[in-house]
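Those letters in the sequence shown? Residues 1 to 516, by the UniProt record's numbering. Single-structure report; data block below.
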Amino acid sequence: QVDQSGLFLPSRDYYLNKTANERVLAAYLDYMVELGTLLGGTPEPTRLQMQQVLDFETQLANITVPQAERRDDEKIYHKMSIAELQVLAPAIDWLDYLSYSLAPLELADTEPVVVYGDTYLQQVSDLINDTDRSILNNYLIWNLVQKTASSLDQRFETAQERLLETLYGTRKSCTPRWQTCISNTDDTLGFALGSLFVKATFDRDSKAIAEEMISEIRAAFEVSLDQLDWMDEKTRQAAKEKADAIYDMIGFPDFILDNKELDDVYDGYEVSEDSFFQNMLNFYNFSAKVMADQLRKPPNRDQWSMTPQTVNAYYLPTKNGIVFPAGILQAPFYARNHPKALNFGGIGVVMGHELTHAFDDQGREYDKEGNLRPWWQNSSLEAFKNRTACMTEQYSRYTVHSEKVNGRQTLGENIADNGGLKAAYNAYKSWLQKNGEEKRLPALGLTNHQLFFVGFAQVWCSVRTPESSHEGLVTDPHSPDKYRVIGTLSNSRDFVEHFGCPLGSPMNPGKHCEVW
């Protein structure tokens, strides 16, 4: 897969909106110069060379396509041979480059590649031809330096900290040393660390309970599919088949509990007792070899892209699979002794969220087998686009520090948030019909239905600096946490009913955007 890349700062916006990001650009250049001088350069010539590199990155940013314009996989997916890629972007010897990167794999120019940024690659090729070779060399060396600087001594760490404080408004030194060590271990030996985590903390019964909840939420989602008045029967049936086919992986992969299998995963990764820096270089090389080795093997549906201790979840459209690591199956998302209202409002909404990703503006383009192909009837597709337009407009009205949320960039996650809440709440109501009402928690003054929505809202409590909020707005496909709650709940008629929100109030504006 070949795609656009090459920027150090989080988004093209930082390079192109120079007035708003003047402090960041100045801090970035200072960082580049400081690292260059730490590695033996003379300050003034180094500043000149690094300014040239920054100017080159700015040119890259100018041809980089914004994420909000890359949400239609059917349009940006291009499968071609290496020979065709060579014609598209002739400034790079692609066969030589890919053969070197994926050695010892043997490649021919007939080898298929997937290109997601064809226009970008054409323009990069032109840019390379028009740029002095010394600038290109310095740019490539700079990429190597910035990638490895965090593995060097305190001088490099201090320099990086000054830049990160300007970017995010927080100091890395506030992070305890043990957390840094755990983070680095997680990045390199994540499944080995996950084995320790699962053995020490994970309640095995949670896996069975989670599987049951997913089944209940899937059933609730399919009931909603039957009630949609905008979807034709052929598309509806295909959507139900896709929902039925969604493959779920919960907790952890079994191999992490077998020491022999776990050792095999890291076979070939050489660890030095004396050099942290060398260990990081060894890991980069090891990862490249693992990737090359996988290219000749059939896809493994059971392969995990996330370690068990990760507090997250994901949907993978090419496998039509959802993954819930052990790390997210804990409070505040889930606990065995929590009321069902809290668990459905927490992990239940996350499950519904990931399931709904199969039908968001990107996931809907993949069929039940994970193939990218058109399977919607035109009438249903137009109705879907009309409904998503409502959501795009809604979230685009929200602001953080006078800066607008990008409703197009966040559309997929907003669809998933709204659909996930609805599916989880309907699943909770079905659970109540089968099992009866739960006892209410004392002293809160909340019904269990209200508790469901409070449980959903509480998992998104957060505090961010203004700098970090800006970074999130220009890079994150998710809406800011505040609007993941307000936007979703103000679209929920069930929330409005149980909290008695008057018509025209902020949480009941009268117009409710609903897709699923």
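Quick reminder that beta carbons are idealized off the backbone N, C-alpha and C, glycines included.
- request: Please state whether DSSP places H449 in a helix, a strand or coil.
  value: Counting from one through the sequence shown, the residue named residue 449 turns up at place 449. Looking at H449 - three-state DSSP - the assignment turns out to be helix.
Run of the alpha helix (DSSP H) containing F324, from where it starts to where it stops: If you number the sequence shown from 1, residue 324 lands on position 324. From DSSP, F324 is part of no alpha helix (DSSP H) but of the beta strand (DSSP E) over G321 to P325.
message: Is the beta carbon of C501 closer than 8 Å to that of C390?
response: Taking the sequence shown and counting its residues from 1, one reaches residue 390 at position 390. Taking the sequence shown and counting its residues from 1, one reaches residue 501 at position 501. No.
task: Just the C-alpha distance for I328 and A61, rounded to the nearest angstrom, thanks.
output: Here residue 328 is taken as the residue at index 328 of the sequence shown, counted from 1. Here residue 61 is taken as the residue at index 61 of the sequence shown, counted from 1. Cα-Cα distance, rounded: 35 Å.
field: Simplified DSSP state of G41, which is helix, strand or coil
entry: Looking up residue 41 in the sequence shown gives position 41. Three-state DSSP puts G41 in coil, outside helix and strand.
message: Please state whether the Cβ-Cβ distance between E354 and A313 is less than 8 Å.
response: As a working mapping, residue 354 is identified with position 354 in the sequence shown. As a working mapping, residue 313 is identified with position 313 in the sequence shown. Yes, Cβ-Cβ distance for E354 and A313 is below 8 Å.
field: Residue environment, residue 519, which counts as buried when at least 16 other CB atoms sit within 10 Å
entry: There is simply no residue 519 to check, as the chain begins at 1 and stops at 516 in what is shown.
task: Quick one: using the 10 Å Cβ neighbour count with 16 as the cut-off for buried, is V223 buried or exposed?
output: Taking the sequence shown and counting its residues from 1, one reaches residue 223 at position 223. With fewer than 16 other Cβ atoms within 10 Å, it is exposed.
message: Check whether the segment 135 to 149 and the segment 431 to 439 touch, using three or more Cβ-Cβ pairs below 8 Å as the test.
response: no
- request: Return the chain-ordered list of same chain residues with a C-beta closer than 6 Å to the C-beta of R474, the five sequence neighbours on each side being excluded.
  value: On the sequence shown, residue 474 is found 474 positions in, with the first residue counted as 1. Note on identity: in this sequence residue 474 is Val, with Arg being the wrong assignment. Once the five neighbours on either side are set aside, the close Cβ partners of V474 are S11 and D13.
- prompt: Anyone know if the C-beta pair for H498 and Q433 falls short of 8 Å?
  reply: On the sequence shown, position 498 is the one that residue 498 refers to. On the sequence shown, position 433 is the one that residue 433 refers to. Going by C-beta atoms, H498 is not nearer than 8 Å to Q433.
message: Using the Cβ count rule (16 or more neighbours within 10 Å means buried), how would you classify G487?
response: Translated into positions along the sequence shown, residue 487 becomes position 487. Looking at its Cβ environment, which holds 16 or more other Cβ atoms inside 10 Å, G487 is buried.
query: So, using beta-carbon positions, are W431 and E216 closer together than 8 Å?
result: Within the sequence shown, the letter at position 431 stands for residue 431. Within the sequence shown, the letter at position 216 stands for residue 216. Yes, these two residues count as a Cβ contact at 8 Å.
- prompt: Rounded to a whole number of angstroms, what is the C-alpha to C-alpha distance between S151 and K511?
  reply: By one-based count along the sequence shown, residue 151 stands at place 151. By one-based count along the sequence shown, residue 511 stands at place 511. Roughly 52 Å separates the two Cα atoms.
- request: State the Cα-Cα distance for the pair F324 and G251, rounded to the nearest angstrom.
  value: Taking the sequence shown and counting its residues from 1, the one referred to as residue 324 is at position 324. Taking the sequence shown and counting its residues from 1, the one referred to as residue 251 is at position 251. So the two alpha carbons sit approximately 6 Å from each other.
field: Simplified DSSP state of E403, which is helix, strand or coil
entry: The residue given as residue 403 occupies position 403 in the sequence shown. Three-state result, E403: strand.
task: May I ask you to report which of helix, strand or coil DSSP gives K124?
output: Here residue 124 corresponds to residue number 124 of the sequence shown, with the count starting at 1. The displayed chain sequence assigns Val, not Lys, to residue 124. Three-state result, V124: helix.
- request: To the nearest angstrom, report how far apart M306 and A108 are at their CA atoms.
  value: For the purposes of this step, residue 306 is taken as the residue at position 306 of the sequence shown. For the purposes of this step, residue 108 is taken as the residue at position 108 of the sequence shown. If I take the Cα positions, the gap works out to 32 Å.
task: Within the same chain, show all residues whose beta-carbon is closer than 7 Å to that of E365, passing over the 5 residues directly before and after it, in chain order.
output: Your numbering for residue 365 matches position 365 in the sequence shown. Closer than 7 Å at Cβ, skipping near neighbours: D73, E74 and L372.
query: At which residues does the alpha helix (DSSP H) containing K434 begin and terminate?
result: Numbered from 1 along the sequence shown, position 434 holds the residue referred to as residue 434. L411 to N435 is the span of the alpha helix (DSSP H), which, as asked, contains K434.
field: Counted within 10 angstroms of its Cβ, other Cβ atoms place L489 as buried (16 or more) or exposed
entry: Working through the sequence shown from its first residue, we reach residue 489 at position 489. Burial call: buried.
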